[in-house]
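Asks: Going down the list, the sequences are from chains R, D, P, W, G and Y. The first sequence begins at 1 in our numbering and counts up by one. The second sequence begins at 1001 in our numbering and counts up by one. The third sequence begins at 2001 in our numbering and counts up by one. The fourth sequence begins at 3001 in our numbering and counts up by one. The fifth sequence begins at 4001 in our numbering and counts up by one. The sixth sequence begins at 5001 in our numbering and counts up by one. In this text, a Cβ means the ideal position worked out from N, Cα and C, and glycines have one as well. Owing to the predicted nature of the structure, the values given are computational and were not obtained by experimental measurement. What follows is a single structure, and I will ask about it in a moment.
6 protein chains.
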Amino acid sequence: MSTLGFIEYEQANAEVRAVYDDIKATRKIDKVTNFWKALAHDPVRLKRTWEDTKGIMAAGALDPLVKELLYVAVSVSNQCDYCIAAHTASARKKGMTEAMFNEMLAIVGLANSNNRLVAGLQVEIDEQFKAIG
Amino acid sequence: MSTLGFIEYEQANAEVRAVYDDIKATRKIDKVTNFWKALAHDPVRLKRTWEDTKGIMAAGALDPLVKELLYVAVSVSNQCDYCIAAHTASARKKGMTEAMFNEMLAIVGLANSNNRLVAGLQVEIDEQFKAIG
Amino acid sequence: MSTLGFIEYEQANAEVRAVYDDIKATRKIDKVTNFWKALAHDPVRLKRTWEDTKGIMAAGALDPLVKELLYVAVSVSNQCDYCIAAHTASARKKGMTEAMFNEMLAIVGLANSNNRLVAGLQVEIDEQFKAIG
Amino acid sequence: MSTLGFIEYEQANAEVRAVYDDIKATRKIDKVTNFWKALAHDPVRLKRTWEDTKGIMAAGALDPLVKELLYVAVSVSNQCDYCIAAHTASARKKGMTEAMFNEMLAIVGLANSNNRLVAGLQVEIDEQFKAIG
Amino acid sequence: MSTLGFIEYEQANAEVRAVYDDIKATRKIDKVTNFWKALAHDPVRLKRTWEDTKGIMAAGALDPLVKELLYVAVSVSNQCDYCIAAHTASARKKGMTEAMFNEMLAIVGLANSNNRLVAGLQVEIDEQFKAIG
Amino acid sequence: MSTLGFIEYEQANAEVRAVYDDIKATRKIDKVTNFWKALAHDPVRLKRTWEDTKGIMAAGALDPLVKELLYVAVSVSNQCDYCIAAHTASARKKGMTEAMFNEMLAIVGLANSNNRLVAGLQVEIDEQFKAIG
Chain R
1 MSTLGFIEYE
11 QANAEVRAVY
21 DDIKATRKID
31 KVTNFWKALA
41 HDPVRLKRTW
51 EDTKGIMAAG
61 ALDPLVKELL
71 YVAVSVSNQC
81 DYCIAAHTAS
91 ARKKGMTEAM
101 FNEMLAIVGL
111 ANSNNRLVAG
121 LQVEIDEQFK
131 AIG
Chain D
1001 MSTLGFIEYE
1011 QANAEVRAVY
1021 DDIKATRKID
1031 KVTNFWKALA
1041 HDPVRLKRTW
1051 EDTKGIMAAG
1061 ALDPLVKELL
1071 YVAVSVSNQC
1081 DYCIAAHTAS
1091 ARKKGMTEAM
1101 FNEMLAIVGL
1111 ANSNNRLVAG
1121 LQVEIDEQFK
1131 AIG
Chain P
2001 MSTLGFIEYE
2011 QANAEVRAVY
2021 DDIKATRKID
2031 KVTNFWKALA
2041 HDPVRLKRTW
2051 EDTKGIMAAG
2061 ALDPLVKELL
2071 YVAVSVSNQC
2081 DYCIAAHTAS
2091 ARKKGMTEAM
2101 FNEMLAIVGL
2111 ANSNNRLVAG
2121 LQVEIDEQFK
2131 AIG
Chain W
3001 MSTLGFIEYE
3011 QANAEVRAVY
3021 DDIKATRKID
3031 KVTNFWKALA
3041 HDPVRLKRTW
3051 EDTKGIMAAG
3061 ALDPLVKELL
3071 YVAVSVSNQC
3081 DYCIAAHTAS
3091 ARKKGMTEAM
3101 FNEMLAIVGL
3111 ANSNNRLVAG
3121 LQVEIDEQFK
3131 AIG
Chain G
4001 MSTLGFIEYE
4011 QANAEVRAVY
4021 DDIKATRKID
4031 KVTNFWKALA
4041 HDPVRLKRTW
4051 EDTKGIMAAG
4061 ALDPLVKELL
4071 YVAVSVSNQC
4081 DYCIAAHTAS
4091 ARKKGMTEAM
4101 FNEMLAIVGL
4111 ANSNNRLVAG
4121 LQVEIDEQFK
4131 AIG
Chain Y
5001 MSTLGFIEYE
5011 QANAEVRAVY
5021 DDIKATRKID
5031 KVTNFWKALA
5041 HDPVRLKRTW
5051 EDTKGIMAAG
5061 ALDPLVKELL
5071 YVAVSVSNQC
5081 DYCIAAHTAS
5091 ARKKGMTEAM
5101 FNEMLAIVGL
5111 ANSNNRLVAG
5121 LQVEIDEQFK
5131 AIG
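The structure is reproduced here in structure tokens:
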């Protein structure tokens, strides 16, 4: 049961439809996914979030598959079920193999463990890492 | 002030020295970093953690730079200062440019924001994402 | 399937019933919600948690609606589905409009993103912020 | 030691200076704070983040002080020291009293505790909360 | 719907079966639980994770019940539903009473609250705690 | 620099002094630690938090050392530096050895890793765990 419900294309105003159309064209899909339909109750936020997602996830110094893997890794670390389901699907479309998924997941587990070992041991930052900035 | 203090090479027993030697050889560095010296109070854990880190971060279906970026992304999301400093340095050694860092960081910000929008809106998983497993 | 199951009014001892009665009177509801029925396995904790919740969420320097919004914001940030559902309902009863919900949610997203940008960039605290305490 | 260092006004390109100028004008301050100077290594992200922050934190259905309290609450919950220092200062400028701060903080503590009690008890969502969306 | 699906004993290769057999023998159970069947898509990770779990959770300076309580406490704090369900069951098998569960849960709530009060108040570490390491 | 500064015994009102006196008597210490002095700006919250801490951490079905280890484990998982420093010291006073600390820390690392493996793999709860409540 989503908090505000979904705004379907038919109910949407022109501003929301324009975003939906761009999502469908960019992603080559027929229907926008639930996230966008839930977010559409706030058209300004919908537009900004879509523009950011589109811009940040596009090819740049990092390629789109690597970006998708980074997005999934953060979502796994944060334990967001919806985000894991949706972005694992996106990553597969962009070429993520099961071996890649497994390696990404192993890193998320490792970093989450090591982050806490560091905290428990209260490890001070090495001098050579302080000089970088 | 680390919780247990550091175990320097000179004080270390043979088991710990063997790990230190492997870290130095693998990473081509003269001295092990503080994390390992703090963890050495538990030689079994030190050995397992190093073996896991070495195995998981090695080239596989994903290349070492991508793996390092994933590690940094999770550490940034978890706000672990030591881990960010240490693994940003590792990523740079493996070829991370400032542009790559910036793109990785933008994804961490975006995913952390979107993960919470999903939670607040209590978005249900789309049917097409449920059929995957 | 809750971990310990629920304690219904009929099964409850006098200590638990007194808390249930106060919850119902304070909130003007007929039945206590599942959280309290699950917590009632520990009557001391039930009483303390209810007293704290009642005291902290009551009108003070901040009005009850603002307090409820703060509670929802933290629960969204922590991705606690039950808490989001229950306290969004409470906030609505206290006058939260959809526009207020959307603005609150946008802040939760923004702060979660900016918190990580700060971590990734390892931003030092400005001098003027250090002098406050 | 920030990861990339700061970009001071003198070194900044026109795009970055335009953002800095808008921050200073909007907030009526002489110098931009460290967060923006660290973020300026990515001018596109700087501009978007500033625009979002400015837009989201402006008066709307919620007033700017309530918004600032929500921002601080999330940052406290996420334990982001920089964000707590910077936004506590902003909240004070907008009228936050010590009593308001204390009440906000009590809610952050309460919600963080209750969120975990709910998780440990695996409390199912009440029927009446499911019907809302 | 798990991300990769489960690997049942019948489908498993010799490497995975060896781990399954050890899990069943160690825990005196007939079938391995879903976690291991999902993880078996990565046989190396399955083996390492099982060896770590077996080694870390075995009797040592702390007894197995205390260890199980620590595991549950962290899982509750992280709000991992599967982990709470599975390890609460394990803890019960090792002798956890309802009173023990309630006391553990109260500590998780308290620490989560106090951790945030500390963050909000930006409490500096007392001199006597700095001298320990 | 703490957010509100500290309230020393000399400046404290009778209500705060009564709490300080009880902390000192209960813990057999000469001076209250910084956490309480920072929290004293809100005397009602100070009193409740101290009473809860005292009650929850006292001997019950679990002994005080186990309780302290649970508190440290959650604080390590949440990466609260102050709480780790203060409660590691308390745990040592109650008999925590370095071996116990190391075993507790290994569990925190393991659970943090496994919690994320579960999330990434979207593991469904086993039927036998659903029947418990």
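1. What residue does the alpha helix (DSSP H) around D5030/Y start on, and which one ends it?
2. Tell me which residues share the same chain as A5040/Y and place their Cβ nearer than 7 Å to its Cβ, disregarding the 5 neighbours each side in the sequence.
3. Which residues in the same chain as L5121/Y place their Cβ atom closer than 8 Å to its Cβ, once the five residues preceding and following it in sequence are excluded?
4. Taking contact to mean at least 3 C-beta pairs separated by less than 8 Å, is the region 70-80 of chain R in contact with the region 5114-5128 of chain Y?
5. Out of T2053/P, Y2071/P, N2112/P and V2108/P, state which residue places its alpha-carbon closest to the alpha-carbon of R2092/P.
6. Have a look at T1097/D and D52/R and give me their C-alpha separation to the nearest angstrom.
7. In this structure, does DSSP put I3107/W in helix, strand or coil?
8. Taking 8 Å as the CB-CB cut-off, is E10/R touching chain D?
9. Output needed in chain order: residues of the region 47-73 of chain R with a Cβ under 7 Å from some Cβ in chain W.
10. Could you round the C-beta distance between N2112/P and R1116/D to whole angstroms and report it? I think they count as a contact, below 8 Å.
11. By the criterion of Cβ-Cβ separation under 8 Å, what are the contact partners of T2088/P in chain R?
12. Over what stretch of residues does the alpha helix (DSSP H) that includes T3003/W continue unbroken?
13. Would you call Q2079/P buried or exposed, if buried means 16 or more other Cβ atoms sit within 10 Å of its Cβ?
14. Buried or exposed: D2021/P, going by 16 or more other Cβ atoms within 10 Å of its Cβ?
15. Take the Cβ of V66/R as the centre, count every other Cβ of all protein chains shown within 10 Å, and call the residue buried at 16 or more, exposed below.
16. Are N3102/W and D5042/Y close, meaning C-beta to C-beta below 8 Å?
17. Is Q2079/P helix, strand or coil by DSSP?
18. On a CA-only basis, which of K3094/W, T3088/W, V3032/W and G3109/W is nearest W3050/W? Give me that one, please.
19. Could you work out which residues of chain W lie near R5045/Y, taking near to mean beta carbons separated by less than 7 Å?
20. My understanding is that L975/D touches I56/R, with C-beta atoms under 8 Å, so please give their C-beta distance in whole angstroms.
21. Decide if D2063/P is buried, meaning its Cβ has at least 16 other Cβ atoms within 10 Å, or exposed.
22. Tell whether a beta-carbon distance below 8 Å holds between A3099/W and A2018/P.
23. Once DSSP output is grouped into helix, strand and coil, what is the label at M5096/Y?
24. By a C-beta neighbour count over all protein chains shown, 10 Å radius and 16 as the cutoff for buried, is K1037/D buried or exposed?
25. Helix or strand or just coil, what does DSSP make of V4123/G?
26. The alpha helix (DSSP H) that contains G3055/W, what's its start and end?
27. For I4125/G, which residues in chain Y fall below 8 Å Cβ to Cβ?
28. If I measure Cβ to Cβ from C5083/Y and keep anything under 6 Å in the same chain, skipping five residues before and after, which residues do I get?
29. Just to make sure I have the definition right: I need the residues of chain R whose C-beta is within less than 8 Å of the C-beta of D4042/G. Which are they?
30. Just verifying my parser: in three-state terms, what is the DSSP assignment at N4013/G?
31. Can the beta-carbon of A4106/G be found less than 8 Å from the beta-carbon of F5129/Y?
32. Below 8 Å CB to CB, which residues in the same chain sit around T1088/D once its five sequence neighbours on both sides are set aside?
33. Anything in chain R within Cβ reach of E2098/P, meaning under 9 Å, just list it in chain order.
34. Does any CB atom of chain Y fall closer than 8 Å to the CB of A91/R?
35. Please decide whether R5027/Y counts as near chain R, where near means a Cβ-Cβ distance under 8 Å.
Replies: Concretely, from the data shown:
1. Looking at the DSSP string, D5030/Y is not in any alpha helix (DSSP H), and its letter there is neither H nor E.
2. I5007, A5012, V5016 and L5046
3. none
4. yes
5. Y2071/P
6. 22 Å
7. helix
8. no
9. R48 and D52
10. 5 Å
11. T3
12. Where T3003/W is concerned, there is no enclosing alpha helix (DSSP H), given that its DSSP letter is neither H nor E.
13. buried
14. exposed
15. buried
16. yes
17. coil
18. V3032/W
19. N3102 and A3106
20. This structure gives no information on residue 975/D, because the portion of chain D shown stretches from 1001 to 1133.
21. exposed
22. no
23. coil
24. buried
25. coil
26. P3043 to M3057
27. N5034, D5081, Y5082, A5085 and A5086
28. S5075
29. N102, L105 and A106
30. coil
31. no
32. V1072, M1096 and F1101
33. L4, H41 and D42
34. no
35. no
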